[in-house]
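What follows is a set of notes on a single structure, which appears directly below.
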Amino acid sequence: MVEAGRSPNIEILTLTEVLKVEGEAPCFRVTLKINPRYIDPSKCKACGECMKYCPRLAIDTYNANLNFTKAIRIDFPQAVPTCYYIDPTVCLRLNHTACQLCANVCAPKAIDFDQKPEIREVEVGAIILAPGFGMVSRSALEKFGYGKYSDVMHSIEAERLMCVAGPTKGGIIRPSDFQHPKKIAYIQCVGSRDISCDRPYCSSVCCMYAVKQASVIKEHEPSVEITFFFMDIRTQGKGFDRSFMSAVEKHGFRIIRARPGKIDKVGKKLAINYVDEDGTQKREYFDMIVLSVGLSPPEDAKKLSEIFGIELNEFSFAKTSYFSPIETNVPGVYVIGAFQGPKDIPESVMQASSASALVSELLKDVRFTETIVKEYPPEDIELMSGEPRIGVFVCHCGANIAGVVDVKVVRDYAETLPDVVLAENVLYACAQDSLESLKE
């Protein structure tokens, strides 16, 4: 993402929605609405002073509502652009209250409460839709006690919980009392392979991401017991079944073929009632339950179909041919990723490459017609003929690297190497502001 943000051939428009599409390939005219972020990206230094002084708390949707954030914020350090934004739904100043503490403490004067939406038209030769996926219905989760029992969470919440940049810094705790759970149950196929919520299809990714999450939990808490309740383990993909089996053997996961029917709260425990393969009714107690949710079409799928004129299938995913899975019914409009149907990241990347190839073929006749040759300043011959000057930047990657490698020792060692004139530690080397600092 950072590489795309730094590319001179890619323009990223955030907080932007498509209002209208006219024309046909290879001459589409797209009308965009660029919503204000109320902060000038060219001035913002991402120092965080504004967020520190902001008095308005807001639910942190990026962390799956597990935490609080501020009305002015940046979701994560590697965001592109590396610029804060103001949520107009909760900001006191934008809701007619006399507050502008953030503007008062902003040294570069980047905050502008008077920004307005901008309407912009662009001409493009082709369109690739990649809006991602949506959440399963609330009713599919409530059948398993979600919303009723705080220690029942879905897998997206669990993902943020175990992330080192998440609300608990990677600590595995149950929400009810913030204690470490001793027994965790994963219930598979929630919102998938279920005709009661109109989702009879398999989402194809749930088994593997559940095993991945469980493996991470075991690395954080080796003593925790993890049990999977499943209908079928479907680890399709190269090497996926082997990865699943090795994880089960390494961490000792229990695998139970059963569809839990009811979940009850018994004291501080959660009781799962199920019938095993022998037809015996059983009840087991757990400290926390994770629902492995499937992939649904994005919430605005119908709106997208109307704007771009594409057809949807019976589940509201983009309708495509089995033999050409990324081409829609509109020539020049392609669809990739989970909007075409449930799939994992490798398959989504493969589809993105395929779409790029088709676009390249479509626009072959106009290729290089708008190329601008960049001019560079002349090379400094004196500098080139001098001694090498090497800079070493050691990335912490939050706690991902710094948690296992003593980055300060690495930096100190690098300073002793020949021709090294600068050695520094960087919290997130891939963040846009860090890359700008490296360039300077």
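Take the sequence shown: its position 151, counting from 1, is numbered 455 in the working numbering, and each next residue is one higher.
All C-beta atoms in this analysis are idealised placements derived from N, C-alpha and C, irrespective of residue type, glycine included.
These numbers come from a predicted model, not from an experiment.
Could you tell me if residue i is buried or exposed, where buried requires 16 or more neighbouring beta carbons within 10 angstroms of its beta carbon?
| i | result |
| --- | --- |
| residue 694 | exposed |
| residue 372 | exposed |
| residue 400 | exposed |
| residue 602 | buried |
| residue 649 | exposed |
| residue 654 | exposed |
| residue 486 | exposed |
| residue 517 | buried |
| residue 719 | exposed |
| residue 651 | buried |
| residue 346 | exposed |
| residue 333 | exposed |
| residue 646 | buried |
| residue 299 | A query on residue 299 cannot be resolved here, the shown segment of the chain reaching from 305 to 744 and no further. |
| residue 508 | buried |
| residue 673 | exposed |
| residue 522 | buried |
| residue 559 | exposed |
For residue i, which residues of its own chain have a beta-carbon under 7 Å away from its beta-carbon, when the five flanking residues on both sides are left out?
| i | result |
| --- | --- |
| residue 444 | 494, 495, 498 and 501 |
| residue 525 | 476 and 484 |
| residue 438 | 600, 601, 602 and 603 |
| residue 402 | none |
| residue 358 | 374, 375, 376, 405 and 406 |
Out of the options, which has the shortest C-alpha to C-alpha gap to residue i?
| i | options | result |
| --- | --- | --- |
| residue 473 | 465, 479 and 620 | 465 |
| residue 468 | 586, 539, 491 and 703 | 703 |
| residue 353 | 600, 688, 415 and 562 | 415 |
| residue 726 | 744, 696 and 305 | 696 |
| residue 325 | 610, 540, 408 and 338 | 610 |
| residue 458 | 425, 481, 513 and 422 | 513 |
| residue 608 | 733, 322 and 311 | 322 |
| residue 555 | 446, 532 and 440 | 532 |
| residue 470 | 431, 366 and 350 | 366 |
| residue 428 | 743, 738, 685 and 666 | 666 |
| residue 515 | 503, 567, 462 and 566 | 462 |
| residue 396 | 527, 715 and 361 | 361 |
| residue 376 | 341, 370 and 636 | 341 |
| residue 733 | 716, 713, 717 and 706 | 706 |
| residue 363 | 349, 356 and 379 | 379 |
| residue 327 | 409, 670, 425 and 405 | 425 |
| residue 419 | 433, 406, 392 and 431 | 392 |
| residue 305 | 368, 357 and 381 | 381 |
| residue 329 | 355, 351, 664 and 701 | 664 |
| residue 336 | 310, 742 and 423 | 423 |
| residue 482 | 559, 548 and 572 | 572 |
| residue 535 | 581, 431, 721 and 312 | 581 |
| residue 530 | 676, 492, 569 and 618 | 492 |
Let's see if you can read the secondary structure: which residues bound the beta strand (DSSP E) around residue i?
| i | result |
| --- | --- |
| residue 699 | 694-699 |
| residue 327 | 320-328 |
| residue 331 | 331-338 |
| residue 358 | Residue 358 -> no beta strand (DSSP E), and no H or E assigned at all. |
| residue 589 | 585-590 |
| residue 529 | 529-534 |
| residue 407 | Not the beta strand (DSSP E): residue 407 falls in the alpha helix (DSSP H), residues 405-409. |
| residue 487 | 487-494 |
Only counting the same chain, and skipping five residues up and downstream in sequence, which positions put a Cβ closer than 8 Å to that of residue i?
| i | result |
| --- | --- |
| residue 308 | 314, 316 and 384 |
| residue 626 | none |
| residue 606 | 616 and 620 |
| residue 630 | 624, 638, 639, 640, 644, 655, 658, 659 and 662 |
| residue 339 | 319, 320, 321 and 421 |
| residue 723 | 691, 692, 693 and 694 |
| residue 711 | 698, 699, 700, 705 and 729 |
Taking 9 Å as the threshold (beta carbon to beta carbon), is residue i in contact with chain C?
| i | result |
| --- | --- |
| residue 724 | Absence of chain C from the displayed structure is noted, only one protein chain being present. |
Return the first residue and the last residue of the alpha helix (DSSP H) that residue i is part of.
| i | result |
| --- | --- |
| residue 344 | From DSSP, residue 344 is part of no alpha helix (DSSP H); its letter is neither H nor E. |
| residue 555 | 544-555 |
| residue 729 | Per DSSP, residue 729 belongs to no alpha helix (DSSP H); it is in the beta strand (DSSP E), 724-730. |
| residue 639 | Unbroken run through residue 639 is the beta strand (DSSP E), 637-639; no alpha helix (DSSP H). |
| residue 424 | No alpha helix (DSSP H) holds residue 424; the beta strand (DSSP E) holding it covers 422-428. |
| residue 665 | 649-666 |
| residue 517 | 510-524 |
| residue 417 | Element bounds for residue 417: n/a, residue is neither H nor E. |
| residue 537 | Residue 537 -> no alpha helix (DSSP H), and no H or E assigned at all. |
| residue 308 | 306-310 |
| residue 444 | 442-446 |
Only counting the same chain, and skipping five residues up and downstream in sequence, which positions put a Cβ closer than 6 Å to that of residue i?
| i | result |
| --- | --- |
| residue 613 | 634 |
| residue 435 | 602 and 643 |
| residue 592 | 455, 478, 485 and 488 |
| residue 588 | 576 |
| residue 410 | 354 |
How close, in whole Å, do the beta carbons of residue i and residue j come, if the pair is a contact with beta carbons under 8 Å?
| i | j | result |
| --- | --- | --- |
| residue 537 | residue 510 | Residue 537 to residue 510, Cβ: 10 Å. No contact. |
| residue 412 | residue 349 | 6 Å |
| residue 557 | residue 551 | 7 Å |
| residue 433 | residue 417 | So it is not a contact: roughly 33 Å between Cβ atoms. |
| residue 598 | residue 503 | 6 Å |
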